[in-house]
Ligand code: GDP
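In UniProt numbering, the protein residues as written are 1 to 525.
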């Protein structure tokens, strides 16, 4: 494809994920964003993910039972000439590695905060993952139609609890019963709540006379005081810092009433970065490179239970994807024809014929791919930066109840490990140990083994809470370090690690064996 057209397509693309604590309003905001983009016609379609309508496959049964969405999906919409992909990140309390991993595929994140609650624990955890990766974070403070915390206090909380400087782009006028609108500082206009009107401000901004008669006296006085404070003591708007992930622009509104979303969306699309360069083991790939490349960051199983197929989600990083093209899976060197590819639009799958950097495509997978795999057009030997393995904190020993069916059991275990659904280790007796970040990962594992692999399992708790990988060229030599308070196991890539009961036993172990280099996380590949 001509470079100019490719450049044009790329500059239209945005990929982001929404991070939030359960109930802050992520689903509602997603739904409203999709509505603005016209990707879905009816409100409530996304919400349906939480009830039976969305459940297309059997194993999603568990999602229905728990009223949560276990797996993340991709939704794409067009708005103002931009092609926007929202990567859904499971927002329930018991999220797993999947949530973290999805954040490796996005170019920016939107952090939704409940205005009455401020920063909540899960928001903080997910924020830190984004921060570590240098992903720009946009803050949307939601539920202004309800009694909210003081907005200046909320800004302070962002800085104090998260350690992130913030700059207000829009500012709320009152909250709850007194909520009257938001002031857009960059556009110098006020969007009125319930009146469906926008007041353009003059040179003096909110201090001028334009707002008089529109707002309650008290609200106007308050707004003028607060804006004074913001202008005097607040951070300056700095697009570069925002794009580097060093400053978060803040917006206010109510997703439920679909208010404050328009200024947010417009500014977000202006400020959020287009797909950039991606690191590989041999230098960087630019989105405009003519050779196609991408990596798999998520594998979702059994969209169709009758076929036990999986869908591998690939983020395109360079070149043009064309349906039917031949690519190389660089891990194995195998050539693959990508004839069936699907794109997940809100609810329906559509076939994709062409895709560019900043697009996510779903590829049918019958067991070929692993999390973190790189696909390239041609024969180039290229590996994208490995996805991080997150240190599990929960461990269980698992075995088949019916030993006659151990073949099914081992096949299931192997496939779920490949998907990255759970971490699987083996010890010297070939016991299967599972490691997870969230307890729900165990439930999903058990459910899927039974339903997809016809294998009922016994799960036994074991007394370990910490895992540390060991950097060594001679894994066999590690046997002598095995003790009563630790367990030597090997992960799915045959890499050795020790499990420990607690911090205390870990530090004792390290003291006694200073020659061992223990690490908390290792890269996949
Ligand atoms: P999620 O768990 O973050 O996806 O949150 P939801 O979008 O499901 O919202 C949780 C609850 O808050 C639901 O009952 C929503 O209707 C409600 N909610 C979401 N946004 C707003 C808002 O702006 N104002 C009010 N009053 N309620 C909201």
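Idealized CB from N, CA, C, for every residue including glycine.
According to the DSSP secondary-structure assignment, residue 279 is paired through a beta bridge with 284.
Residue 78 and residue 240 have their alpha carbons spaced roughly 25 angstroms apart. C-alpha of residue 254 to C-alpha of residue 193: approximately 10 angstroms in a straight line. Non-local C-beta neighbours of residue 519 in its own chain, meaning closer than 6 angstroms and more than five positions away in sequence, comprise 469, ordered along the chain. The residues 295, 296, 312, 329, 330 and 331, in chain order, have a CB closer than 8 angstroms to that of residue 373 in the same chain once the five nearest residues on each side in sequence are set aside. A Cβ-Cβ separation of about 7 angstroms places residue 338 in contact with residue 323 under the 8 angstroms criterion.
DSSP places residue 155 in the uninterrupted alpha helix (DSSP H) bounded by 151 to 162.
Taking 8 angstroms as the cut-off, the Cβ atoms of residue 352 and residue 318 do not count as close. Distance from the Cα of residue 516 is smallest, within the candidate group 474, 230 and 408, for 474. CA-to-CA, the gap between residue 250 and residue 166 works out to about 7 angstroms. Closest in alpha carbon position to residue 99, among 381, 202 and 420, is 420. The Cβ-Cβ distance between residue 472 and residue 502 does not fall below 8 angstroms. Cβ contact annotation for residue 145 (same chain, cutoff 6 angstroms, sequence separation greater than five): 179, 254 and 257, in chain order. Between the region 122 to 136 and the region 194 to 214 there are fewer than three C-beta pairs closer than 8 angstroms, too few to call the two in contact. Where residue 418 is concerned, there is no enclosing beta strand (DSSP E), although the alpha helix (DSSP H) around it starts and stops at 406 to 419. DSSP places residue 129 inside the alpha helix (DSSP H), whose first and last residues are 121 to 132. Taken through DSSP and simplified to helix, strand or coil, residue 400 comes out as strand. Annotation for residue 482: 488 place their beta carbon closer than 6 angstroms to its own, counting only its chain and skipping 5 residues before and after. Here residue 219 carries a helix assignment [DSSP, helix/strand/coil].
Positions of the alpha helix (DSSP H) runs, each at least 4 residues long and wholly inside the region 418 to 488, are given as 440 to 453 in order along the chain. Per DSSP, the unbroken beta strand (DSSP E) holding residue 140 starts and ends at 137 to 142. Residue state for residue 27 is assigned as helix, using DSSP reduced to three classes. When the five nearest sequence neighbours on each side are left out, the beta carbons in the same chain lying within less than 8 angstroms of the beta carbon of residue 289 are those of 318 and 319, in order along the chain. Residue 129 has its alpha-carbon roughly 22 angstroms from the corresponding atom of residue 281. Note: residue 189 is bridge-paired with 184 and 200 in the DSSP secondary-structure output. DSSP places residue 102 inside the alpha helix (DSSP H), whose first and last residues are 97 to 102.
With a contact defined as Cβ atoms closer than 8 angstroms, residue 114 and residue 24 qualify at about 4 angstroms. Under the three-state reduction of DSSP output, residue 244 falls in the coil class, being neither helix nor strand.
Around the beta carbon of residue 458, fewer than 16 other beta carbons sit within 10 angstroms, so the residue counts as exposed. Counting of Cβ neighbours within 10 angstroms places residue 244 among the exposed residues, the total staying below 16. C-alpha of residue 411 to C-alpha of residue 363: approximately 22 angstroms in a straight line.
Ranked by Cα distance from residue 429, the first of 490, 376 and 390 is 490. Taken through DSSP and simplified to helix, strand or coil, residue 270 comes out as helix.
Collapsing the DSSP output to three states places residue 337 in a strand. Restricting attention to 424, 403 and 404, the CA atom closest to the CA of residue 413 is found in 424. At a cut-off of 7 angstroms, the beta-carbon of residue 20 counts as near the ligand GDP: some heavy atom of the ligand is closer than that.
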